[in-house]
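Below you'll find the structure, written out as C-alpha cells, and then a few comments.
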Amino acid sequence: MNKVIETQVLAPSLHKFIVEAPMIARRAQPGQFVILRVHQQGERIPLTIADFNRRAGTITLVFQEVGHTTRLLGKLQEGDKIVDLLGPLGEPTQHPQGKNAVCIGGGVGVAPVYPEAKDLHQRGYKVTSIIGARNEELLFFEEEMGAVSDEFFVATDDGSKGHHGFVTDVLQKLIDEGREVDFVIAVGPIPMMKAVADLTRKYEIKTIVSLNSMMVDGTGMCGGCRVTVGGEVKFTCVDGPSFDAHLLDFDEQTRRLSMYKDKENELEVKE
Amino acid sequence: MAKTRTTKHPMPAQPAQQRIKNFDEVPYGYSTDMAVEEAQRCLQCKNPKCVQGCPVGIDIPGFILKLRDQDFQGAVDVLKDKNSLPAICGRVCPQEEQCEAQCIVGIKNEPVAIGRLERFVADWEAEHSKSQVKPITPTEAKVAIVGSGPSGLSAAGELVKKGYKVTIFEAFHQPGGVLMYGIPEFRLPKAIVQREIDYLKKLGVEIQLNVVVGKTITLQELMEEEGYKAVFVGSGAGLPYFLNIPGENLNGVYSANEFLTRTNLMRAYQFPEWHTPIHIGERVAVVGAGNVAMDSARTALRLGAKEVHIVYRRSEKEMPARNEEIEHAREEGIKFNLLTNPVEVKGDGKGWVKALKCVKMELGEPDDSGRRRPIPISGSEFEFPVDVVVVAVGQGPNPLIPRTTQGLETSKWGNIVADDVGATSIPGVFAGGDVVTGAATVIKAMGAGKVAAEAIDKYIQSK
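Here the protein sequences come in this chain order: L and X.
One point on numbering: in our numbering, the residue at position 33 of the first sequence is 359, and numbering is uninterrupted.
One point on numbering: in our numbering, the residue at position 135 of the second sequence is 586, and numbering is uninterrupted.
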C-alpha cells in the first residue's frame, strides 16, 4: 500500500498525485512506468512516471479520468492509499545521437514527456519543448516544462493560448526556419504521435514515442501489450514503452487500445 | 472382504452439463469409504516402483497403508514428510506419467489411484487436523526467494523450518504464481493455494508483494545492500510463445497466459463486480494440446463460449496434457481438431478476429523430441469462423532477472543455468523450477525448490 501525499487537480478530470514509493523512486528513470490497482477487485493499469524525487522517496503520477480505474483513482484524497503499486517497469528511454532535442507533449502526454525534457536539460542537451492541448484550460506543466527548456512553445486546438493549431505546426515551423533538430521525443494521443512521426520521417529526424498499451502484469508475462515495430512483435512492458516512431505500427495500436471499449460501458453502468 | 476391483474407484465429479456453467471444482474427491477401499488395492510392494516415479520421493505405500488402516493423521504425516503441498499435487500432478505409471497393479489392471488418495489425505487434514502451527523463531541468516510459485513456496517452507529468515518477493499483487494466475479454479481451488500460503506465513515466511526483482530491486542489491546471504530464483516460465503467423495481433487473440491470468487472478469471470474484462465471443479456438491449452479451452466454455475448439498439429497420442484433463475436456464438449496447424488469423477488416485459417497435417519421421514430425498436406488449407484465438503453445523463461543480473549464466533459450542442486554461476544464487528447466510440472518445480533449499543451507553453513 502506497500513500498519496499530495493531490492537485490540473484541469477538469486531470489529476496530479505525489505518492510515497521509496523503492520505485530509488530506481526510476525517465520513460519508465508503474502498474497500479485502486480497488481490491480492481484492474491493473499502467501509468507513466511523471517525475520522481529519490531523496523524498516519492513519485509523481499524472492521469486523466478516462476509464473505471482512473475514475476510482481520481476519487482518492491526500492520505489515502493506492492498493497496489508496482515499478519502475519498462526500459528507460534511449536517446538518439545529437545534442538538439525537441520534446513534444500532447494532452496528458505532457506528463511523461516532462521527465525526459528535465533529464535532457540536466545533461546539457539543447531542449526545445512544444506542448499542446485542446484548449488553455487543459494545459498543465507550463511552468515546469518552461523551466527545463531552452525554448518553449504552446499550441492549442482552439487558439485560446499560444499557437492556434497543432504541435506539429510548431515543429514544422521550427524545421522550416532551419533550426537544428537532431531528435524528437513525442508523447501524447496516438493521432498526435503518428502526425509527428509522419512529419519527421520526411526530414529523417529520429523520433521516439512512448506507448500506453493495455497490459496485465507489466513484466513480459501476458503479451497483451504487443506491438509491431519494424515488422517485429515487441512487448511494450519489457521492450518499451519507448519505440522508434518511424518503425511503429500506430494503426494496430489504435485498434488494440479499443479492445475493451464495450466492456467499459458495462463498468460505467455499474458505477 | 470383498474382491478388490481391477479398476480405480471412479472419482465422483460434477456432471459435465452442470459444470460448464460454473467455475467450481470438477472432481468432488473420494469419500472416506471410497478412499479406504481404493487403498486396499495397493499391494504394499517390498520394493515399491511408484516411489521411484515420484519427483519428491513420497513413501507412497507408507501413506496408503496408514490410510487403509484408517489412521488418517498417520497418512498425513507420511505424505508431508516429503511433500509440503499434497492438496495441490494430488490435484495437478501428471500421476499417469509418474507414480501411477510405475505401479505394479497397473501391469495387469488399472494402477492404484495414488493421486486421488493423496488428495483425499490432504483434504482430510484441512478439514480435521487440529495441530496448531507455531511460528519458528529465526536463528539463521536471511534468505530471499524470488517468485511465490511452486518452487519458491517449497524452498521457503524448507528454509524457514531450518531456522532461516525467509522473505519471498512476488511481482503480482497476490502470491502463488502459476497456482493462482494459471491453473483455473475448477481444477485447483484458490482457497487451497491460499491455505498453503497462510501456513508458510504462520511459520514466519515474509511475503513482499508488488516487487519485481530485476526492476524494483536487483539480485545484487538484495545480496550486497539488503543482507541476504543467499537467493533462490523461482521466477517461472513467464514468457508466452506466439505462433508468428499473420494476424496474430488482431483484437481477440490472446496468449494463454493472458487469457488465464485475466480469468483466474483478475477474476474476469466475475466482471463487472471484478473490474478486469475479457473478450470471449461465441466461438473460440485454442491452439495447443497441453494442460494449459485444456485449461484455456475449458475456461472459455465456462466464460460462455458456445463452441470451443482445440487445434493441434500432431495426433491424439502426442497430446501433452494429463489424461484426466483431456477426458474432462471431451466430456464438456470441447472439439478436438487434431493434425491441424493454424497458418493465419483472419480479420474482419475492423481489427477483430473473424476466422482461423489452418492446414491439415500428417505425421512423418520422428523428430528430435522422438515424436513423429507433423508435415503439412499441400492444398488442404481451410478456415473456420472464430471470435477468439488463445495461443497455448508453451512459455519460455521470464527474461527480467537474467537481463538485469550481471554474471548470471543462461542457456541459448534464456533459461538460467543451474546444476542438479540449483547452484548458478553466481555464488549464493540458486535457481529452480521452470526458469531453469523450461515449462514443466508443479511437482518438479517443488522438488527443485526443496533440493535447492538443502543446497542453500549447506552453502550458508560452509561460510
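Ideal Cβ placement from N, Cα and C applies to all residues, glycine included.
Note that the structure is a prediction, hence the values are computed from the model and not measured.
Residue 893 of chain X versus residue 467 of chain L: straight-line alpha-carbon distance, rounded: Distance between the alpha carbons of residue 893 of chain X and residue 467 of chain L: 50 Å.
Option in L:362, L:497, L:460 with minimal Cα separation from residue 427 of chain L: L:497
Residue-chain proximity (residue 367 of chain L, chain X), Cβ-Cβ < 8 Å: yes
Residue 539 of chain X in three-state terms, based on DSSP: helix
Short Cβ contact (8 Å threshold) for residue 344 of chain L with residue 384 of chain L: yes
Boundaries of the alpha helix (DSSP H) in which residue 578 of chain X is found, first to last residue: Taken as a continuous stretch (DSSP letters only), the alpha helix (DSSP H) holding residue 578 of chain X covers 565 to 579.
Where the stretch 403 to 414 of chain L meets chain X: residues whose CB sits under 9 Å from a CB there: 409, 410, 411, 412, 413, 414
Residue 756 of chain X versus residue 618 of chain X - alpha carbon distance: Using only the alpha carbons, I get a separation of about 41 Å.
Inter-residue Cα distance where the pair is residue 762 of chain X and residue 773 of chain X: 17 Å
Euclidean distance between Cα positions of residue 365 of chain L and residue 650 of chain X: 26 Å
Beta strand (DSSP E) segment containing residue 337 of chain L, residue limits: For residue 337 of chain L, the enclosing beta strand (DSSP E) has its first and last residue at 328 to 337.
Chain-ordered chain L contacts of residue 802 of chain X [CB-CB under 7 Å]: 581
Minimum Cβ-Cβ distance from residue 586 of chain L to chain X less than 8 Å: yes
Element boundaries [beta strand (DSSP E), containing residue 834 of chain X]: 833 to 836
Beta-carbon spacing of residue 896 of chain X, residue 845 of chain X below 8 Å: Between residue 896 of chain X and residue 845 of chain X, the CB-CB gap reaches or exceeds 8 Å.
Opposing strand residues paired with residue 788 of chain X [DSSP bridges]: Looking at the DSSP output, residue 788 of chain X bridges to X:762.
Residue 590 of chain X burial status per 10 Å Cβ neighbour count (16 or more: buried): exposed
N- and C-terminal bounds of the beta strand (DSSP E) containing residue 749 of chain X: Looking at the DSSP string, residue 749 of chain X is not in any beta strand (DSSP E); the run it does join, the alpha helix (DSSP H), is 742 to 753.
Bridge-paired residues (DSSP) for residue 813 of chain X: X:826
Residue interval of the beta strand (DSSP E) (run including residue 341 of chain L): 340 to 346
Closer than 8 Å to chain X by CB, residue 329 of chain L: no
Boundaries (first-last residue) of the alpha helix (DSSP H) holding residue 599 of chain X: Counting along the chain, residue 599 of chain X falls outside any alpha helix (DSSP H), and DSSP gives it neither H nor E.
Test item: CB-CB of residue 654 of chain X and residue 594 of chain X under 8 Å: no
Spatial distance of residue 746 of chain X from residue 781 of chain X (CA atoms): 12 Å
Chain-order list of residues whose beta-carbon lies under 6 Å from that of residue 626 of chain X (same chain, five-residue window excluded): 599, 648, 658
Identity of the residues DSSP links to residue 904 of chain X by a beta bridge: Note: residue 904 of chain X sits in no beta bridge, so no partner.
Any C-beta of chain L under 8 Å from that of residue 668 of chain X: Cβ-Cβ to chain L under 8 Å: yes for residue 668 of chain X.
Residue 793 of chain X and residue 807 of chain X closer than 8 Å at C-beta: Yes, they are a contact pair.
Beta-carbon gap between residue 533 of chain L and residue 490 of chain L smaller than 8 Å: Against a cut-off of 8 Å, the Cβ pair of residue 490 of chain L and residue 533 of chain L comes out as no contact.
Per-residue DSSP class, three states only, for residue 572 of chain L: coil
Given residue 300 of chain L as reference, the closest of L:453, L:413, L:408, L:465 once Cα atoms are compared: No answer is possible for residue 300 of chain L: the residues shown for chain L start at 327 and end at 597.
Residue closest to residue 524 of chain X, alpha-carbon to alpha-carbon, out of X:580, X:475, X:494: X:580
Beta-carbon contacts of residue 479 of chain L that lie in its chain and below 6 Å, excluding the five residues immediately before and after: 456, 496
Close-in-space but distant-in-sequence residues of the same chain around residue 435 of chain L (CB under 6 Å, 5 per side omitted): 513, 514
Local Cβ density within 10 Å of residue 828 of chain X, reported as buried at 16 or more and exposed below that: exposed
Contact residues within the stretch 856 to 890 of chain X, judged by C-beta distance below 8 Å to chain L: none
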